[in-house]
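Enquirer: Residue numbers (my numbering), protein chains in the order written: chain A, 752 to 907; chain B, 2 to 173.
Note that the Cβ used here is the ideal one computed from N, Cα and C, for glycine as well.
1) Which residues mark the beginning and the end of the alpha helix (DSSP H) in which residue 135 of chain B is found?
2) Starting from the C-beta of residue 149 of chain B, find all residues in its chain whose C-beta is less than 6 Å away, skip the five residues before and the five after it, and write them out in chain order.
3) Mind checking if residue 891 of chain A is an interface residue toward chain E, Cβ cutoff 9 Å exclusive?
4) Can you tell me whether DSSP reads residue 767 of chain A as helix, strand or coil?
5) Whether or not the region 27 to 46 of chain B and the region 819 to 826 of chain A are in contact is what I'm after, with contact meaning three or more pairs of Cβ atoms, one per stretch, closer than 8 Å; do they touch?
6) If you count every other CB in all the chains shown that lies within 10 Å of the CB of residue 155 of chain B, and 16 or more means buried, which is it?
7) With contact counted as at least three CB pairs below 8 Å, one residue from each stretch, are the region 837 to 847 of chain A and the region 132 to 143 of chain B in contact?
8) 9 Å is my cut-off, CB to CB: does residue 104 of chain B come that close to chain A?
9) Beta carbon of residue 785 of chain A, beta carbon of residue 12 of chain B: below 9 Å?
10) Can you confirm whether residue 74 of chain B, when its beta carbon is compared against all beta carbons of chain A, has any partner nearer than 9 Å?
11) Verify the CB distance criterion: does residue 41 of chain B have a CB-CB separation below 9 Å to chain A?
12) Residues of chain B with a CB under 9 Å from the CB of residue 816 of chain A: which are they?
13) Going by DSSP, what residue range makes up the alpha helix (DSSP H) through residue 805 of chain A?
14) Using a beta-carbon distance cut-off of less than 7 Å, what residues from the region 153 to 164 of chain B approach chain A?
15) Assign residue 859 of chain A to one of three DSSP states: helix, strand, or coil.
16) Suppose the cutoff is 7 Å on Cβ atoms and the five residues either side in sequence are ignored; what does the same chain contact list for residue 867 of chain A look like?
17) Would you check if the distance between the CB atom of residue 909 of chain A and the CB atom of residue 865 of chain A is smaller than 9 Å?
18) Check the Cβ of residue 129 of chain B against every Cβ in chain A and list those closer than 7 Å, keeping chain order.
19) According to DSSP, simplified to helix, strand and coil, what is residue 116 of chain B?
20) Answer with buried or exposed for residue 25 of chain B, where buried requires no fewer than 16 other C-beta atoms within 10 angstroms of its C-beta.
21) Please tell me whether residue 825 of chain A and residue 860 of chain A are closer than 9 Å, where the distance is taken between their beta carbons.
22) Given 8 Å as the limit, tell me if residue 773 of chain A has its C-beta closer than that to any heavy atom belonging to the ligand ZN.
23) Keeping to the same chain, check which residues put their C-beta closer than 6 Å to that of residue 872 of chain A; ignore five residues upstream and five downstream.
24) Go ahead and pull the three-state DSSP assignment for residue 834 of chain A.
In structure tokens, the structure reads:
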């Protein structure tokens, strides 16, 4: 065996396992490093919850299924907070006769899309990944909302 | 992607600064709304702190028994259907807001986890197991089942599309 292959073999050997405390410390530091990002996002969440109320969001829907699906998707992306709020708004809208397309889109985009998370997502995962992921999530919110409503209308 | 072996630096300082400036301006013009927003933010922080603790502890336990490279080996480009199912299940059972999972996913991605799986994880998070009874109550069984089915299929398709869009690793 030559020296270089032995060197490669030595290089491939698994390093000794670090202690649990060391790993915990490393993970805690990783979270601490993104603390300003998290604080910024949380600050924005608070602002949006005060400035964009569920009532304001409900008033955006017009009764046109196509426009309302787009409005539902964008509203969910702008809004923030517990997904329960999206169910409450959805339930209220359903009572007002707003299409299920729009309500499904709202419920879906509430969790998967968020404008206020974008700066943090870009910082952590990079611009291209964030762009691709959000475009895909936006398109699939609409597709899933349409498919769900169509399937329901066929089955029931 | 940031190199995780870099010396410690705070990230998102300027973003936080912009948010603080926004709060400052709001305090100047409408201090009541700004105070209410601060209260809301602090309650969000209180809610996510336990989840953050869980994420730190969970990642540490995971990394103690399995080195990040070993985990990522099961989630890299050579990984099979199992990896997709793991990402789907992890997304469904993950709790709390999306951003609390960023550090763990960033760590796994740094060690080779494929981007398609991250997309699957995020997309499948729309299904919230603890909230399913409430969804059924509001929209009915049929709606909940059909929507959940399409969310899962959609999550996988999104992951596959992203894999095709990014043949090589993006944002190196």
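Expert: Taking the coordinates as given:
1) As a position in the second chain, residue 135 of chain B is number 134, starting the count at 1. Judged by DSSP secondary structure, residue 135 of chain B falls within the alpha helix (DSSP H) whose first and last residues are 133 to 140.
2) Indexing the second chain from 1 puts residue 149 of chain B at position 148. Sequence-distant Cβ neighbours of residue 149 of chain B in its own chain, meaning closer than 6 Å and more than five residues away, are 128.
3) Of the protein chains in the structure, A and B, none is chain E.
4) Translated into the one-based positions of the first chain, residue 767 of chain A becomes position 16. Coil, per DSSP.
5) Cβ pair count under 8 Å is below three, so no.
6) Your numbering for residue 155 of chain B matches position 154 in the second chain. It is buried - the Cβ of residue 155 of chain B has at least 16 other Cβ atoms within 10 Å.
7) With the cut-off at 8 Å, the region 837 to 847 of chain A and the region 132 to 143 of chain B touch.
8) In the second chain, residue 104 of chain B corresponds to position 103, counting from 1. True, the Cβ-Cβ gap to chain A drops below 9 Å.
9) For this step, residue 785 of chain A is matched to residue 34 along the first chain. For this step, residue 12 of chain B is matched to residue 11 along the second chain. Cβ distance < 9 Å, so residue 785 of chain A and residue 12 of chain B count as in contact.
10) Within the second chain, the letter at position 73 stands for residue 74 of chain B. No, its Cβ sits nowhere closer than 9 Å to a Cβ of chain A.
11) Residue numbering aside, residue 41 of chain B sits at position 40 when the second chain is read from its first letter. In terms of beta-carbon proximity, residue 41 of chain B lines the interface with chain A, with at least one pair separated by less than 9 Å.
12) Taking the first residue of the first chain as position 1, residue 816 of chain A is located at position 65. In chain order: nothing, as chain B lies at least about 16 Å away.
13) Taking the first chain and counting its residues from 1, the one referred to as residue 805 of chain A is at position 54. Counting along the chain, the alpha helix (DSSP H) containing residue 805 of chain A begins and ends at 805 to 809.
14) Listed by position, the residues of the region 153 to 164 of chain B near chain A (Cβ gap below 7 Å) are 155, 159, 162 and 163.
15) For this step, residue 859 of chain A is matched to residue 108 along the first chain. Correct three-state label for residue 859 of chain A: helix.
16) Position 116 of the first chain, counted from the first residue, corresponds to residue 867 of chain A. Within the same chain, and ignoring the five residues on either side of residue 867 of chain A in sequence, the residues whose Cβ sits closer than 7 Å to its Cβ are 792, 795, 796, 799 and 831.
17) What is shown of chain A runs 752 to 907, which leaves residue 909 of chain A out entirely.
18) On the second chain, residue 129 of chain B is found 128 positions in, with the first residue counted as 1. The contact set of residue 129 of chain B on chain A, defined by CB atoms closer than 7 Å, consists of 834 in chain order.
19) Counting from one through the second chain, the residue named residue 116 of chain B turns up at place 115. Three-state result, residue 116 of chain B: helix.
20) For this step, residue 25 of chain B is matched to residue 24 along the second chain. Exposed.
21) Locating residue 825 of chain A in the first chain gives position 74, where the first residue counts as 1. Locating residue 860 of chain A in the first chain gives position 109, where the first residue counts as 1. Taking 9 Å as the cut-off, the beta carbon of residue 825 of chain A is found closer than this to the beta carbon of residue 860 of chain A.
22) Here there are no bound small molecules, and the ligand ZN is not part of this structure.
23) Mapped onto the first chain, residue 872 of chain A falls at position 121. Taken in chain order, the residues that qualify are 881.
24) As a working mapping, residue 834 of chain A is identified with position 83 in the first chain. Here residue 834 of chain A sits in helix by DSSP.
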